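Below you'll find the structure, written out as structure tokens, and then a few comments.
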Amino acid sequence: MLDLKFLRENPEIVKQNIRNKFQDNKLPLVDEVIALDAESRKTQQEADDLRAKRKKISKQIGALMAQGKKEEAEAAKAEVAAFAERLAQLEVKEGELQARVKEIMMIIPNIIDPSVPIGKDDSENVEITRYGEPIVPEFDVPYHTEIMEKFKGIDLDAARKVAGNGFYYLMGDIARLHSAVISYARDFMIDRGFTYCVPPFMIRSDVVTGVMSFAEMDAMMYKIEGEDLYLIGTSEHSMIGKFIDTIIQEPELPYTLTSYSPCFRKEKGAHGLEERGVYRIHQFEKQEMIVVCKPEDSMMWFDKLWQNTVDLFRSLDIPVRTLECCSGDLADLKVKSIDVEAWSPRQQKYFEVGSCSNLGDAQARRLKIRVNGEDGKKYFAHTLNNTVVAPPRMLIAFLENNLNADGTIRIPEALRPYMGGKEVIA
146 MLDLKFLREN PEIVKQNIRN KFQDNKLPLV DEVIALDAES RKTQQEADDL RAKRKKISKQ
206 IGALMAQGKK EEAEAAKAEV AAFAERLAQL EVKEGELQAR VKEIMMIIPN IIDPSVPIGK
266 DDSENVEITR YGEPIVPEFD VPYHTEIMEK FKGIDLDAAR KVAGNGFYYL MGDIARLHSA
326 VISYARDFMI DRGFTYCVPP FMIRSDVVTG VMSFAEMDAM MYKIEGEDLY LIGTSEHSMI
386 GKFIDTIIQE PELPYTLTSY SPCFRKEKGA HGLEERGVYR IHQFEKQEMI VVCKPEDSMM
446 WFDKLWQNTV DLFRSLDIPV RTLECCSGDL ADLKVKSIDV EAWSPRQQKY FEVGSCSNLG
506 DAQARRLKIR VNGEDGKKYF AHTLNNTVVA PPRMLIAFLE NNLNADGTIR IPEALRPYMG
566 GKEVIA
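In our numbering, the protein residues as written are 146 to 571.
Spelled out as structure tokens, the structure:
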């Protein structure tokens with residue numbers, strides 16, 4: 146959420162940012178919020194003036210009564226009563242105006258970083274760097290569920306009967322591989338100085354609206370019926386929520402945390418042929434990383450975060466590339482984002498396995514996460530998040546890139562301690 150003062154003083158910058166994100170339907174909101182804010186401040190000023198007058202006259206009433214000027218005291222009381230009626234009207238109006246201003250401000254997108262390429266959608270994202278040599282084996286690589294089924298490692302039919310489409314049973318060595326990847330990712334991040342955390346898997350609505358846009362919320366979140374609780378779509382939600390309405394002492398920053406959680410997502414929209422199996426599902430597990438830091442450090446941490454994901458995938462011999470997300474592909478709260486994509490030998494192209502985002506002070510402003518500076522001045526922290534690894538998609542990349550011609554699966558050296566020393570799955 147933008148600073149209202151910034152919007153008031155820089156309406157054209159805000160409007161150009163909306164154009165850059167190809168959300169022209171939101172342009173009228175800028176003028177509307179400025180007008181509402183002006184009316185709100187005018188209403189507040191009138192209310193403050195009335196409160197001051199009421200206080201002054203209230204003091205006079207006592208003096209008049211002491212002097213025996215009963216009629217004048219009663220007239221003053223009547224005036225105070227009239228003030229009270231008007232004040233009540235103004236307070237209701239002020240509350241309504243402020244609520245509408247906040248509602249609009251929650252919709253207007255955050256100002257993107259100047260380095261973000263301008264484009265309408267993900268088709269215009271820009272490749273940055275490739276890591277590792279993409280290999281196309283001389284043998285055919287089966288679809289990932291076919292590979293899993295050969296090891297009796299997945300049961301989609303049973304899951305469909307139990308929970309419907311978008312769920313799965315993992316079994317045997319494939320299930321063990323799934324857990325091994327999560328454990329390895331946890332230790333990988335701990336070795337890089339991050340504090341391990343297991344957060345709540347449900348969060349309240351004020352946290353949901355603090356960490357994501359309304360459009361994301363509608364497309365992703367499952368609501369618990371009869372409760373003010375939502376299932377998390379990623380542990381970033383509850384991890385950033387951990388700091389809601391807090392004042393952090395500046396020397397404590399940065400907070401660098403890595404968290405494990407199951408994730409639950411509606412995954413609305415059409416699913417293509419390549420999104421069957423475990424690519425796009427309603428329930429999965431993930432290792433995440435988040436940072437809460439000073440504004441001047443956020444871009445430095447942004448580069449460190451996506452590099453962590455690249456390094457992890459390369460340690461498992463999986464080629465990856467990084468993509469700069471264009472303006473139209475950025476969610477409204479994001480300042481800058483980079484996707485990490487893994488190589489698919491079967492498709493002979495890259496596919497997304499992680500996303501790193503710098504949200505500036507947008508989440509902190511919504512959740513009131515403030516920092517007490519060493520000079521005594523308070524300011525909003527910056528928040529960042531990035532996927533360490535999400536095993537469903539990671540498993541696809543892992544199986545395809547480590548499949549041998551004889552159908553066995555090679556276990557990279559880094560993962561062997563988590564697989565009981567196995568060098569292959571046969």
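Beta carbons: idealized from backbone N, C-alpha and C, even for Gly.
All values reported here derive from a predicted model rather than from experimental measurement.
- Counting along the chain, TYR400 sits inside the beta strand (DSSP E) bounded by residues 400-409.
- Under the 8 Å Cβ criterion, the region 273-285 does not count as touching the region 187-207, having fewer than three qualifying pairs.
- Across the structure, ILE389 and ASP351 are spaced so that their CA atoms are roughly 9 Å apart.
- Where ARG459 is concerned, there is no enclosing beta strand (DSSP E), although the alpha helix (DSSP H) around it starts and stops at 443-460.
- In summary, ILE158 is exposed, with fewer than 16 beta-carbon neighbours lying within 10 Å of its beta-carbon over all protein chains present.
- Following the DSSP letters along the chain, one finds GLU219 inside the alpha helix (DSSP H) bounded by residues 215-250.
- SER500 is bridged by DSSP to ASP484.
- Of the residues ILE280, PRO279 and LEU322, the one whose Cα lies closest to the Cα of ILE299 is LEU322.
- At least 9 Å separates the beta-carbon of ILE463 from that of ILE385.
- For SER328, the secondary structure class from DSSP, reduced to helix, strand or coil, is helix.
- The beta carbon of ILE554 sits closer than 7 Å to those of LEU544, ASN547, LEU548, VAL569 and ILE570, all from its chain and outside the five residues before and after it, given in chain order.
- Cβ atoms of TYR524 and ARG510 stay farther apart than 8 Å, at about 10 Å.
- Boundaries of the alpha helix (DSSP H) harbouring LEU544: 536-546, taken from the DSSP string.
- In the displayed model, ARG164 falls within a helix according to three-state DSSP.
- Collapsing the DSSP output to three states places PHE429 in a strand.
- When the beta-carbon positions are compared, THR532 and SER500 come within less than 9 Å of each other.
- GLN394 is the residue among ALA526, GLN394 and GLN432 whose C-alpha sits nearest the C-alpha of ASP520.
- Assignment of GLN205 by DSSP, reduced to helix, strand and coil, places it in the helix class.
- A contact between stretches requires three or more CB pairs, one per stretch, nearer than 8 Å, and the region 470-487 fails this requirement with the region 364-376.
- For GLN432, the closest C-alpha among the options LYS297, SER380 and TYR288 is that of SER380.
- Per DSSP, the unbroken alpha helix (DSSP H) holding ILE292 starts and ends at 289-295.
- Under DSSP, MET365 shares a beta bridge with no residue.
- Remark: fewer than three beta-carbon pairs, one from each stretch, lie closer than 8 Å, so the region 439-451 and the region 316-335 are not flagged as touching.
- Per the C-alpha coordinates, the member of ILE163, LEU149, ASP148 and ASN155 positioned closest to LEU475 is ILE163.
- Pairing GLN243 with ASP484, the inter-Cα distance amounts to about 37 Å.
- Contact check for LEU402 and PHE447: beta-carbon distance about 16 Å, past the 8 Å limit, so the pair fails to qualify.
- Counting only residues of its own chain and dropping the five nearest sequence neighbours on each side, HIS289 has a CB closer than 6 Å to the CB of GLY422, ILE541 and LEU544.
- With a cutoff of 9 Å on beta-carbon distance, TYR563 and TYR329 are scored as near each other.
- Here GLN492 carries a coil assignment [DSSP, helix/strand/coil].
- Annotated as proximal: MET251 and PHE359, with beta-carbon spacing under 9 Å.
- About 5 Å separates the beta carbons of SER482 and SER502, which is inside the 8 Å limit, making them a contact pair.
- In this structure, LYS297 is the residue among LYS297, ASP506 and TYR424 with its C-alpha nearest to the C-alpha of MET316.
- Here the C-alpha atom of ARG561 lies approximately 20 Å from the C-alpha atom of ARG337.
- Looking at GLY565, ASP477, GLN493 and LYS494, the one whose alpha-carbon comes closest to that of ILE256 is ASP477.
- Restricting attention to GLN493, GLU497 and GLN168, the CA atom closest to the CA of ILE263 is found in GLN168.
- For GLU241, the closest alpha carbon among the candidates SER489, GLY277, SER185 and ILE369 is that of SER185.
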